[in-house]
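Asker: Per the working numbering, the sequence shown runs over residues 40 to 722.
Glycine included, C-beta positions come from ideal geometry on N, C-alpha and C.
Quick caveat: nothing in here was measured; it's all calculated off a predicted structure.
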Amino acid sequence: MPSANTLLRDLYKCGSYERGHAFLKEHASEITREFVSDLRSVSFTFITEAKPEPELATLFADLTVLAAILLGDNEEKGMAYYCKGSILSRLEKHAKALNSLHEAQAYLRLGTNTKQLANCLYDAALSYYKQDDHESARKLLEEVLTLQEDEKERAQTGAFLLTLAGEDRAAIEDMVCRLIPAAAQRSLRLDHVDAPETKRRICDGLLSSFATQEDQDLFRASWPAFLGEPDFHFFVVDSGNATRSWPPYAYGLLKTYHDNFNEWDLLGLEAVWFADSQTLLHLKVIDHLVTMARDLKIHSLCISDKGLRRAHTFKALLRRCGRRSTPSVIMQGARPGLYSAFTQKPGPAAFFSNCLRIQARPDNWDFEGRLTLELPLYRGEGRLWFNSKRAGWNYSDLEQLARHFFRYGFHTRAEGAFTGTLQAQILHQGYVDQPTVSLSATEDVCAYYATDKHRREEGGVVFEIDTAALLKRMRVYDSLATLRETHPWMAGGFYDALLKVMRALDAGRDDVLASGSFLQRCHMESRRRVESFGGGQTLGPPVAWDMLLTPRAQEKFQAAGVTIAELDVINEEFENFWNVALGGMATITSIDADTGTSEDQDISRAYFVAFDEVRLKLNEAWQLNQFSKHNHPGWDLSPFGYITKTIRDKEFFSSGDVPGDCILKATIVDKSSKLKQVIINER
40 MPSANTLLRD LYKCGSYERG HAFLKEHASE ITREFVSDLR SVSFTFITEA KPEPELATLF
100 ADLTVLAAIL LGDNEEKGMA YYCKGSILSR LEKHAKALNS LHEAQAYLRL GTNTKQLANC
160 LYDAALSYYK QDDHESARKL LEEVLTLQED EKERAQTGAF LLTLAGEDRA AIEDMVCRLI
220 PAAAQRSLRL DHVDAPETKR RICDGLLSSF ATQEDQDLFR ASWPAFLGEP DFHFFVVDSG
280 NATRSWPPYA YGLLKTYHDN FNEWDLLGLE AVWFADSQTL LHLKVIDHLV TMARDLKIHS
340 LCISDKGLRR AHTFKALLRR CGRRSTPSVI MQGARPGLYS AFTQKPGPAA FFSNCLRIQA
400 RPDNWDFEGR LTLELPLYRG EGRLWFNSKR AGWNYSDLEQ LARHFFRYGF HTRAEGAFTG
460 TLQAQILHQG YVDQPTVSLS ATEDVCAYYA TDKHRREEGG VVFEIDTAAL LKRMRVYDSL
520 ATLRETHPWM AGGFYDALLK VMRALDAGRD DVLASGSFLQ RCHMESRRRV ESFGGGQTLG
580 PPVAWDMLLT PRAQEKFQAA GVTIAELDVI NEEFENFWNV ALGGMATITS IDADTGTSED
640 QDISRAYFVA FDEVRLKLNE AWQLNQFSKH NHPGWDLSPF GYITKTIRDK EFFSSGDVPG
700 DCILKATIVD KSSKLKQVII NER
């Protein structure tokens with residue numbers, strides 16, 4: 040086996056990333072931890088030497104990532120991405136640096152090297168700081184302090200937090216508490232209050248903390264309801280081992296509300312009193328309130344800035360929940376004449392409230408794939424030569440190829456039995472080998488793949504499967520039915536508009552880079568809109584397509600007749616996507632246009648959870664297949680890209696090898712998919 044130095048020397052001779060990529064894949068079995076470590080050092084050398092060479096630094100950083108993926112060591116993958124992020128940060132390319140540093144964090148969290156994880160988080164905080172995103176920087180630094188043990192390092196992190204705090208006294212106090220672990224280790228106990236005397240005492244204490252006379256008067260007038268009705272809940276929080284005395288560390292009032300759209304019960308924090316300004320302890324109290332909501336079998340705890348009345352704690356809570364701004368939550372249950380921290384005009388109708396909703400009840404994810412019914416299925420093939428671990432052939436014409444599959448059938452990409460779960464389906468679509476054979480319900484899709492996107496001169500073969508015979512031997516999973524289980528709205532106008540956009544942007548190309556880039560921009564903009572105001576055009580502005588689209592894309596859309604209305608249809612589905620992914624939508628109501636009858640359907644975030652679980656593997660497959668003509672760069676790395684691919688391909692997955700006697704016939708088509716010959720399988 041050649042030494043690390045020999046491999047490095049030969050890699051350097053490659054002269055380009057694409058040739059270096061091919062070299063590393065060819066020598067994958069020779070890659071060691073020592074080689075990857077040396078490659079990281081070389082990458083840094085190009086940026087730290089007397090005459091820096093930024094292009095070589097980033098090129099070798101990308102090759103370091105690839106080498107770590109080929110090695111298969113998660114810690115080395117994390118350190119490789121950390122190397123790339125650090126180089127980009129030194130080049131002041133902070134947005135790109137953060138992408139790499141986030142990948143590094145994902146891998147480093149899988150291991151036990153907390154020191155390097157802390158360092159990586161700290162450097163990401165620096166990049167956020169350089170972009171004037173102080174909230175994101177503060178969130179990362181707060182986690183860094185939980186990982187650091189060295190006092191010098193903790194002092195450095197504290198100094199950084201102090202810089203971010205500026206003249207914010209509450210932020211400074213919070214930072215001091217974080218630097219003194221004992222202050223954050225105080226144990227607390229929450230008790231649900233039933234005694235009428237204690238309830239009155241809590242009401243009296245809360246009353247004095249209201250800022251306006253109007254709120255004080257309305258709160259006082261609401262006491263009879265607070266004290267006598269079952270929708271209201273009182274609590275006290277104190278040290279876990281303390282003898283109960285007054286005042287305790289915290290006390291407050293909650294009320295039950297309802298989200299009729301999702302059929303969720305909500306527990307809203309109406310008012311709370313704390314004995315000090317220690318944000319860490321306030322967050323502990325909120326954790327206890329989440330547990331209280333779960334014990335009451337309530338779906339979520341809702342907290343508004345008005346109900347908490349601790350601005351710094353509310354900001355810290357937003358950061359902890361990954362929110363940049365306060366979302367809008369639909370609620371119902373306020374009453375005229377009763378105080379509410381969630382609306383200025385209490386009444387029986389539903390209303391939108393700017394508050395944070397924290398889910399209390401755990402989700403039970405359904406990752407099971409949906410099985411197919413008996414319907415015609417097809418598979419396309421056009422390669423006259425092929426060789427892999429599980430299958431191989433070499434023929435001179437398509438008829439010989441067809442008869443090969445009549446005899447040997449179709450083999451799965453990997454050994455084993457296909458589970459059919461969402462994760463397994465997504466991995467297969469992302470070119471991560473799975474023990475399944477991909478089939479389709481449409482001959483056109485199979486012809487498209489068999490003719491290599493209508494580029495193979497000799498054409499290809501479309502095989503028709505005897506589905507009834509196949510189902511007697513194995514399970515076959517329906518990707519579109521699985522998708523519809525969680526995304527019942529994704530059909531009709533959205534699908535038509537998306538195909539029109541793809542035709543406009545990718546015309547004359549052999550890939551989907553242009554439409555992939557468009558999808559990614561829509562993907563991120565729709566998330567921003569949902570997180571900011573819930574999406575839609577009722578609570579916020581319409582999408583600024585003239586700002587979102589490049590001038591070239593606008594020209595292509597205009598030439599193809601793609602309208603703003605069609606783009607709005609696509610954005611609406613992206614926003615629905617993010618409302619589900621972020622937990623803002625759990626049911627959808629379908630109304631029949633002819634009868635007027637409605638049907639409520641439960642929808643799930645299972646798809647997005649499943650995608651997140653396999654995201655790193657998908658990214659690795661994309662890196663490895665970057666120069667493969669079968670890859671679809673541009674949409675392979677976002678969940679919406681996989682949803683779109685599922686809708687386009689109408690794909691089915693067998694749970695094992697497809698036997699040759701389960702093939703009915705083979706149709707040979709020319710380059711443009713026109714019929715040339717039909718061969719019946721004489722089984």
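Taking the beta strand (DSSP E) that G499 falls in, what are its first and last residues?
Answerer: Here residue 499 refers to the residue found at position 460 of the sequence shown. Element bounds for G499: 499-504.
Asker: Does the Cβ-Cβ distance between R409 and T251 come in under 8 Å?
Answerer: What you label residue 409 is simply residue 370 of the sequence shown in a count that begins at 1. What you label residue 251 is simply residue 212 of the sequence shown in a count that begins at 1. Between R409 and T251, the C-beta spacing is not below 8 Å.
Asker: Note down the Cα distance separating A67 from L46, rounded to an integer number of angstroms.
Answerer: To locate residue 67, count along the sequence shown from 1; it is residue 28. To locate residue 46, count along the sequence shown from 1; it is residue 7. Their backbone Cα atoms lie some 11 Å apart in a straight line.
Asker: Leaving aside the five residues before and after A453 along the sequence, list all residues of the same chain whose C-beta is less than 8 Å from its C-beta, in chain order.
Answerer: For this step, residue 453 is matched to residue 414 along the sequence shown. Around A453: R429, D472, Q473, P474.
Asker: Given this structure, state the Cα-to-Cα distance separating C561 from F445, to the nearest angstrom.
Answerer: Residue numbering aside, residue 561 sits at position 522 when the sequence shown is read from its first letter. Residue numbering aside, residue 445 sits at position 406 when the sequence shown is read from its first letter. Whole-angstrom Cα-Cα distance: 45 Å.
Asker: Rounding to the nearest angstrom, what Cα-Cα distance links V275 and I342 in this structure?
Answerer: Working through the sequence shown from its first residue, we reach residue 275 at position 236. Working through the sequence shown from its first residue, we reach residue 342 at position 303. Cα to Cα, the separation comes out at about 17 Å.
Asker: Would the beta-carbon of N278 fall within 8 Å of that of S571?
Answerer: Within the sequence shown, numbered from 1, the residue matching residue 278 stands at position 239. Within the sequence shown, numbered from 1, the residue matching residue 571 stands at position 532. Reading the sequence as shown, one finds Ser at residue 278 and not Asn. Going by C-beta atoms, S278 is not nearer than 8 Å to S571.
Asker: Is Y288 helix, strand or coil by DSSP?
Answerer: As a working note, residue 288 is residue 249 in the sequence shown. Y288: coil per DSSP, three-state reduction.
Asker: I'd like the span of the beta strand (DSSP E) that includes V16, first residue to last.
Answerer: Past the edges of the chain, shown from 40 to 722, lies residue 16, and the structure says nothing about it.
Asker: When the Cα atoms are used, what is the spatial distance from A598 to L328?
Answerer: As a first step, residue 598 must be located in the sequence shown, where it is residue number 559. As a first step, residue 328 must be located in the sequence shown, where it is residue number 289. Taking the straight line from one Cα to the other gives about 56 Å.
Asker: Which one or two residues does DSSP pair with S367 in a beta bridge?
Answerer: Mapped onto the sequence shown, residue 367 falls at position 328. The partner list for S367 (beta bridge, DSSP) reads N393.
Asker: Between G498 and the rest of its own chain, which residues show a CB-CB distance below 6 Å, the 5 nearest in sequence each way excluded?
Answerer: For this step, residue 498 is matched to residue 459 along the sequence shown. So the list reads T490, V708, D709, K710, once near-sequence residues are dropped.
Asker: Using the DSSP secondary-structure output, state which residues sit across from T683 in a beta bridge.
Answerer: Mapped onto the sequence shown, residue 683 falls at position 644. Its beta-bridge partners do not exist; DSSP assigns none.
Asker: L186 by DSSP, collapsed to three states: which one?
Answerer: Translated into positions along the sequence shown, residue 186 becomes position 147. Correct three-state label for L186: helix.
Asker: Counting along the chain, where does the alpha helix (DSSP H) carrying N433 start and finish?
Answerer: Indexing the sequence shown from 1 puts residue 433 at position 394. It is not in any alpha helix (DSSP H) - N433 instead sits in the beta strand (DSSP E) that spans 431-433.
Asker: In angstroms with no decimal places, state the Cα-to-Cα distance between F273 and R193.
Answerer: As a first step, residue 273 is located in the sequence shown; it is residue number 234 there, counting from the start. As a first step, residue 193 is located in the sequence shown; it is residue number 154 there, counting from the start. One C-alpha to the other measures close to 39 Å.
Asker: Taking the beta strand (DSSP E) that I337 belongs to, which residues open and close that run?
Answerer: One-based indexing of the sequence shown puts residue 337 at position 298. Counting along the chain, I337 falls outside any beta strand (DSSP E), and DSSP gives it neither H nor E.
Asker: From F449 to I504, what does the alpha carbon distance come to, in whole angstroms?
Answerer: Residue numbering aside, residue 449 sits at position 410 when the sequence shown is read from its first letter. Residue numbering aside, residue 504 sits at position 465 when the sequence shown is read from its first letter. C-alpha separation (whole angstroms): 11 Å.
Asker: When burial is assigned at 16 or more other CB atoms within 10 Å of the CB, is E142 buried or exposed?
Answerer: Looking up residue 142 in the sequence shown gives position 103. Looking at its Cβ environment, which holds 16 or more other Cβ atoms inside 10 Å, E142 is buried.
Asker: Taking the alpha-carbon positions, what's the R400 to G291 distance?
Answerer: As a working mapping, residue 400 is identified with position 361 in the sequence shown. As a working mapping, residue 291 is identified with position 252 in the sequence shown. If I take the Cα positions, the gap works out to 22 Å.
Asker: Give the straight-line distance between the Cα atoms of T330 and V75, rounded to the nearest whole angstrom.
Answerer: For the purposes of this step, residue 330 is taken as residue 291 along the sequence shown, with counting starting at 1. For the purposes of this step, residue 75 is taken as residue 36 along the sequence shown, with counting starting at 1. Each residue's Cα considered, the two are about 46 Å apart.
Asker: By the 10 Å Cβ neighbour count, where 16 or more other Cβ atoms means buried, how is P287 classified, buried or exposed?
Answerer: Residue numbering aside, residue 287 sits at position 248 when the sequence shown is read from its first letter. So P287 counts as buried.
Asker: Indicate whether at least one CB of chain B lies closer than 8 Å to the CB of D545.
Answerer: Annotation note: the requested chain B is absent from the structure, which comprises a single protein chain.
Asker: Given that a residue counts as buried once 16 or more other Cβ atoms are within 10 Å of its Cβ, and exposed if not, what is D243?
Answerer: What you label residue 243 is simply residue 204 of the sequence shown in a count that begins at 1. So D243 counts as exposed.
Asker: Within a Cβ cutoff of 6 Å, which residues of the same chain sit near A543, ignoring the five residues on either side of it in sequence?
Answerer: Translated into positions along the sequence shown, residue 543 becomes position 504. If we look at A543 and ignore the five residues flanking it on each side, its Cβ neighbours are K595, F596, A599, V601.
Asker: Going along the chain, which residues of its own chain have a beta-carbon closer than 6 Å to the beta-carbon of Y470, five neighbours each way excluded?
Answerer: As a working note, residue 470 is residue 431 in the sequence shown. Closer than 6 Å at the Cβ level, and outside the excluded window around Y470, lie A660, N664.
Asker: Looking at the strands, I want to know which residues DSSP matches up with T706.
Answerer: Position 667 of the sequence shown, counted from the first residue, corresponds to residue 706. Per DSSP, the beta bridge partners of T706 are V501, V717.
Asker: Over what stretch of residues does the beta strand (DSSP E) that includes Y417 continue unbroken?
Answerer: Within the sequence shown, residue 417 is the residue found at index 378, counting from 1. DSSP places Y417 inside the beta strand (DSSP E), whose first and last residues are 416-420.
Asker: Which class does G307 belong to by DSSP, given the choice of helix, strand or coil?
Answerer: The residue you call residue 307 lines up with position 268 of the sequence shown. Note: G307 maps to strand in three-state DSSP.
Asker: The alpha helix (DSSP H) spanning H526 covers which residue range?
Answerer: As a first step, residue 526 must be located in the sequence shown, where it is residue number 487. First-last for H526: undefined, no H or E at that position.
Asker: Return the chain-ordered ranges of every alpha helix (DSSP H) run that is complete within the stretch 76-120 and spans a minimum of 4 residues.
Answerer: 93-110
Asker: Which residues in the same chain have their Cβ closer than 6 Å to the Cβ of K323, if we skip the five residues on either side of it in sequence?
Answerer: Numbered from 1 along the sequence shown, position 284 holds the residue referred to as residue 323. Excluding residues within five positions, the ones whose Cβ falls inside 6 Å are L227.
Asker: Just the C-alpha distance for G372 and H297, rounded to the nearest angstrom, thanks.
Answerer: Counting from 1 along the sequence shown, the entry for residue 372 is found at position 333. Counting from 1 along the sequence shown, the entry for residue 297 is found at position 258. In a straight line, the C-alpha of G372 is about 6 Å away from that of H297.
Asker: Can you list, in chain order, the residues of its chain whose CB lies under 6 Å from that of R396, leaving out five sequence neighbours each side?
Answerer: By 1-based counting over the sequence shown, the position of residue 396 is 357. The residues are S339, C341, V368.
Asker: Rounded to a whole number of angstroms, what is the C-alpha to C-alpha distance between Q255 and R240?
Answerer: Start at 1 with the first residue of the sequence shown, and residue 255 comes out as number 216. Start at 1 with the first residue of the sequence shown, and residue 240 comes out as number 201. Cα-Cα distance, rounded: 15 Å.
Asker: Tell me the rounded alpha-carbon separation between L416 and R512.
Answerer: Looking up residue 416 in the sequence shown gives position 377. Looking up residue 512 in the sequence shown gives position 473. The alpha-carbon atoms of L416 and R512 are separated by roughly 15 Å.
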